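Chemist: First the structure, which I've put down as structure tokens, then a few questions once you've had a look.
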Amino acid sequence: MMEWKNTANVVIIGGGIIGVSTAYYLAQNGMKNIVLIEKGTICGGSTGRCGAGIRAQWGTEMNCRLGIAALDIFEQLDQELGMSVGLNQGGYLLVAYSEKELDTLRKGMELQNSLGIKSRQITLREAREICPGLAADDAVGFFFHGRDGHADPFLTTFAYLEAAKRLGVTCHRHTECTGILVDGGAVRGVETDRGIIHAPIVINCAGAYAQLIARMAGIEIPNWAERHEIMITEPVAPGVCPCMLMSFSGNYYIQQRPHGSIICGMSPAGHPEDYENKTTWQFIEEMSKTLIRLLPRTRGIRIARQWSGMYDMTPDAQPIIGETDVKNFYHSTGYSGHGFMLAPVAGKILAQHITGKKPDIDFSMLDYRRFARGEHIRESNVV
Amino acid sequence: MKTLSTEILVIGGGAAGLSAAAEAAAAGAKVLVAESDLHLGGQLVKQTHKFFGSKDEYAGTRGFKIADILLSEIDSCKENVEIHTNTTITGFYSEDGTFTAMRGEEKYFHIKAKKTIVATGAQERLIPFPNNDLPGVYGAGAVQTLMNVYGVVPGKRVLMVGAGNIGLIVSYQLMQAGVEVAAVVEAAPRVGGYWVHAAKIRRMGVPILLRHSIRKAVGDQVITGAYITALNDRFEPEGEETYVDCDVICIAVGLSPTTEILSQAGCKMMYVPQLCGLVARRDRTMKTSNPDFFTAGDASGIEEASAAMVEGRIAGLSAAADLGYPTEHGKLDEYWGRLQALRSGEAGARICQGLECVLVNRWEDVSDD
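If you read the protein sequences in the order shown, they are chains X and G.
Residues 1252 to 1634 (this note's numbering) are what the first sequence spells out, left to right.
Residues 1003 to 1371 (this note's numbering) are what the second sequence spells out, left to right.
Okay, structure coming up:
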């Protein structure tokens, strides 16, 4: 157990990938006396339950910019953090099933290309070269970006945490935030179930719970929890799904882990909006049918486990990053199901901003007040 | 999707499950038994030794004979019992109370039940040491199944790890089958099993090395030997490692209750070392905090098969009674009396200590945490 001190320069709430990467980049930018608090265990929430995809094929300019910047970081993260994060760049293969979707994805590709992302439309034959055995005769088009892929969320989170600790960051697990101290319009620290920590800066990285933390400071953010389900098979020989196979209208994403297990997920109708990580038999039945239809040779592979996790949603499926009406109370949340892949850049730009440097990417448009102003643009490329 | 419906689903057709099924069916309830193995009987069918304990629980009878007795009891009310062997319950979904099940590798279906008795037994524990994934490293239960059910010996010369009852009995049965036992190593300073079993194998010249453990397995493709070492008071290796020539390493370091279904059903669980792991809290009727779920046998805490059978009877009786079937007055007390008798010894004292932690008098008094 790390030593408890009741003062800090920064308190970060949340031990998922966003909180941990933010802590690391703050320390790297010279911030001292950083304390991260986590109500459960590190990586025990949405991060440890996610589909682990990393991509730059997005439909909004901001997500594209964040996506490609995150890829740049991921590609050299092993060296930077001193341990493997399990990066696997087999590319993302996006499948369109209607002319309308094809059009949306093509516009996305043009946007991506204009921002230096080398995504391209490919034929069914090329798609089958990338993903042998793919049965998608009903598809009308395919898009591919070879630098996309997936990494290991546990390795990535712990690599960031260990590097942050080496830079002096303190991490308190099993420590729940119970209140935000506010005085004179500015944040003054946090109240936890283990005592108060006074701090001039507080960052809310609580994922799907961020709205509850914000409310402790009297702030309402349009952020909610959505339950999504996912499953993993027994390990099989590599090459069954070498890329991340994904369709927005087809409602699936499928990848094969380096040790051979296949991970796949889809969004059930209705998206229960609660904090229950419950699972359903309907999911495994529908997901299995989808998997066998797309990759017929997966028939007969055993399902090892299923679980669920929470997307921390916003109305435009883009994150909320920045300061709030309470001075020095920052948010980095609302990643809407793609927090893992954006975490490296999200942590970096917020840390740059807080330490008075110019952020690599101007994120002022991700201010949470955009929703009240009606300035948000809905991201289309999400499952 | 095919859905089977029943009044009482018994998961597991071993000592506890069969007893539960017999009791509930005798009371008039419709029972469905799901057993993942190809045949019923659970661990009983491989137990060729005579049972201890009480006459009520077939003391003096060999384990596989007891399975036959339970099966004939079930046969006498077979109109109430549906048996599904080769059928694994793969999950329980509390939102709509559906069980998913697999028959073999092909048939997938659903089961709905008014009451469920979880008699899923236990899983063998393994200990970590280098090369413990080489062919030739067995759980003691697996060795027993191989020899006593399928008539196959695992190898020529065995190092047994663990001197509890299973380690001792399996050592003896290995020798009965003509397999040499090089040694029994036991980390604790004393033999965990009954003296009579230990004495039997000592008389046959097998060393029982207390305060000893395995350090690593040796072999390229398969096991060809092992290094063992003495342990100090803190269970740390001490002194020289000794090489043991063997082609089988048999791990008999205990069992853990199989409780996933109970967790999925939202039953309040508790880690109880005396019961060997995570188990469901239960009342005197073996009912859990989920009023539709009962637990019995090793799934409710590792104990002798004799106790598992009585617990199964209690669970079967209570589930039937909850469904409104008339049951004999005083039977519950009689079964508890039998359990108390079985638990009167030294091992029983430990079990009773564990039960004190998990047993609930009134569910209303248990807090939601």
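Note that CB positions come from ideal geometry on N, CA and C, so glycine has one too.
Predicted model only: the values in this text are computed from it and were never measured.
1. Residues of the segment 1240 to 1268 of chain G with a CB closer than 9 Å to any CB of chain X: list them in chain order, please.
2. Give the list of continuous beta strand (DSSP E) stretches no shorter than 3 residues that lie fully inside the segment 1100 to 1138 of chain G.
3. To the nearest angstrom, how far is it from the Cα of F1066/G to the Cα of Y1060/G?
4. Just by C-beta distance, which residues in the segment 1517 to 1537 of chain X are closer than 9 Å to chain G?
5. Taking 9 Å as the threshold (C-beta atoms), are G1318/X and M1592/X in contact?
6. Residues in its own chain within less than 7 Å of P1610/X by CB, not counting five upstream and five downstream?
7. Taking the C-alpha atoms as reference points, what is the distance between A1323/G and A1027/G?
8. For N1257/X, count the other beta carbons within 10 Å of its own beta carbon; 16 or more makes it buried, fewer makes it exposed. Which is it?
9. Can you tell me where the beta strand (DSSP E) with E1084/G in it begins and where it stops?
10. Mind checking if Q1507/X is an interface residue toward chain G, Cβ cutoff 9 Å exclusive?
11. What residues of chain X sit near T1100/G, judged by a beta carbon separation below 7 Å?
12. What ranges does the beta strand (DSSP E) occupy inside the segment 1515 to 1570 of chain X, keeping only unbroken runs of at least 3 residues that lie completely in it?
13. DSSP three-state call for V1047/G: helix, strand or coil?
14. Extract the residue ranges of the alpha helix (DSSP H) inside the segment 1337 to 1408 of chain X, only unbroken runs of 4 or more that lie entirely within it.
15. Within the segment 1289 to 1332 of chain G, note down every full beta strand (DSSP E) run reaching 3 residues or more, in order along the chain.
16. At what residues does the beta strand (DSSP E) containing I1483/X begin and finish?
17. So, helix, strand or coil for T1635/X, using DSSP?
18. When we look at the beta-carbon of L1361/G and count the other beta-carbons within 10 Å, is it buried (16 or more) or exposed?
19. Show which residues of chain C have a CB atom less than 7 Å away from the CB atom of E1348/G.
20. Who are the neighbours of Y1095/G on chain X, taking C-beta pairs under 9 Å?
21. Of the choices T1092/G, T1063/G and S1007/G, whose alpha-carbon is the least far from that of Q1557/X?
22. Does any residue of chain G bring its CB to less than 9 Å from the CB of G1551/X?
23. Please confirm whether Q1557/X has its beta-carbon closer than 9 Å to some beta-carbon of chain G.
24. Can you name the start and end residues of the alpha helix (DSSP H) that C1359/G belongs to?
25. Just the Cα atoms here: how many angstroms apart are A1568/X and V1453/X?
26. Using the rule of at least 16 other Cβ atoms within 10 Å of the residue's Cβ for burial, across every protein chain shown, is P1191/G buried or exposed?
27. Buried or exposed for G1106/G, please, with buried defined as at least 16 other CB atoms from any protein chain shown within 10 angstroms of its CB.
28. Which of the three DSSP states, helix, strand or coil, is assigned to R1213/G?
29. In three-state terms, what does DSSP make of P1595/X?
30. Would you mind working out which of K1048/G, L1357/G, R1345/G and V1035/G sits nearest I1010/G, comparing C-alpha positions?
31. Just list the alpha helix (DSSP H) runs in the segment 1241 to 1273 of chain G, keeping only unbroken ones of 4 residues or longer that don't cross its boundaries, in chain order.
32. By DSSP's criteria, A1036/G is part of a beta bridge. Which residues make up the other side?
33. Can you give me the C-alpha to C-alpha distance between E1361/X and N1292/G, rounded to a whole angstrom?
34. Going by DSSP in three states, H1604/X sits in which element: helix, strand or coil?
35. Tell me where the beta strand (DSSP E) around C1315/X begins and ends.
Modeler: Taking the geometry as given:
1. Q1266
2. 1100 to 1105, 1109 to 1120 and 1124 to 1126
3. Position 64 of the second sequence, counting from 1, holds the residue named residue 1066/G. Position 58 of the second sequence, counting from 1, holds the residue named residue 1060/G. Roughly 11 Å separates the two Cα atoms.
4. K1529, T1530, T1531, W1532, Q1533, I1535 and E1536
5. Stepping through the first sequence from its first residue, residue 1592/X is reached at position 341. Stepping through the first sequence from its first residue, residue 1318/X is reached at position 67. Yes.
6. What you label residue 1610/X is simply residue 359 of the first sequence in a count that begins at 1. Correct list, in chain order: I1600, Q1603 and H1604.
7. Here residue 1323/G refers to the residue found at position 321 when the second sequence is read from its first residue. Here residue 1027/G refers to the residue found at position 25 when the second sequence is read from its first residue. Rounded to whole angstroms, A1323/G to A1027/G spans 11 Å at the Cα level.
8. The count along the first sequence starts at 1 and reaches residue 1257/X at position 6. So N1257/X counts as exposed.
9. As a first step, residue 1084/G must be located in the second sequence, where it is residue number 82. That run of the beta strand (DSSP E) goes V1083 to H1086.
10. Within the first sequence, residue 1507/X is the residue found at index 256, counting from 1. No, no contact with chain G.
11. What you label residue 1100/G is simply residue 98 of the second sequence in a count that begins at 1. Residues of chain X passing the Cβ test: W1532.
12. 1554 to 1564
13. If you number the second sequence from 1, residue 1047/G lands on position 45. Correct three-state label for V1047/G: helix.
14. 1350 to 1365 and 1375 to 1381
15. 1295 to 1297
16. Counting from one through the first sequence, the residue named residue 1483/X turns up at place 232. Taken as a continuous stretch (DSSP letters only), the beta strand (DSSP E) holding I1483/X covers W1475 to T1484.
17. Chain X is shown from 1252 up to 1634; residue 1635/X falls before or after that span and cannot be answered.
18. Position 359 of the second sequence, counted from the start, is the residue given in the question as residue 1361/G. Per the 10 Å Cβ criterion, exposed.
19. In summary, chain C is missing from the structure at hand, where the protein chains are X and G.
20. Here the question's residue 1095/G lines up with position 93 in the second sequence. Within 9 Å Cβ-Cβ: K1529, T1530, T1531, W1532 and Q1533.
21. As a position in the first sequence, residue 1557/X is number 306, starting the count at 1. For the residues T1092/G, T1063/G and S1007/G, the minimum Cα distance to Q1557/X belongs to T1092/G.
22. Here residue 1551/X corresponds to residue number 300 of the first sequence, with the count starting at 1. Yes, G1551/X counts as interfacial toward chain G.
23. Taking the first residue of the first sequence as position 1, residue 1557/X is located at position 306. Q1557/X counts as touching chain G.
24. Here residue 1359/G refers to the residue found at position 357 when the second sequence is read from its first residue. Start and end: E1348 to V1360.
25. Locating residue 1568/X in the first sequence gives position 317, where the first residue counts as 1. Locating residue 1453/X in the first sequence gives position 202, where the first residue counts as 1. About 24 Å.
26. Position 189 of the second sequence, counted from the start, is the residue given in the question as residue 1191/G. So P1191/G ends up on the exposed side.
27. As a position in the second sequence, residue 1106/G is number 104, starting the count at 1. So G1106/G counts as exposed.
28. One-based indexing of the second sequence puts residue 1213/G at position 211. R1213/G: coil per DSSP, three-state reduction.
29. Here residue 1595/X refers to the residue found at position 344 of the first sequence. Note: P1595/X maps to helix in three-state DSSP.
30. Stepping through the second sequence from its first residue, residue 1010/G is reached at position 8. When each option's Cα is compared against that of I1010/G, the closest is V1035/G.
31. 1262 to 1266
32. For this step, residue 1036/G is matched to residue 34 along the second sequence. Partner(s): I1013/G and H1086/G.
33. Your numbering for residue 1361/X matches position 110 in the first sequence. Your numbering for residue 1292/G matches position 290 in the second sequence. In a straight line, the C-alpha of E1361/X is about 56 Å away from that of N1292/G.
34. Locating residue 1604/X in the first sequence gives position 353, counting from the first residue. Helix, per DSSP.
35. Taking the first residue of the first sequence as position 1, residue 1315/X is located at position 64. No beta strand (DSSP E) holds C1315/X; the alpha helix (DSSP H) holding it covers E1312 to F1325.
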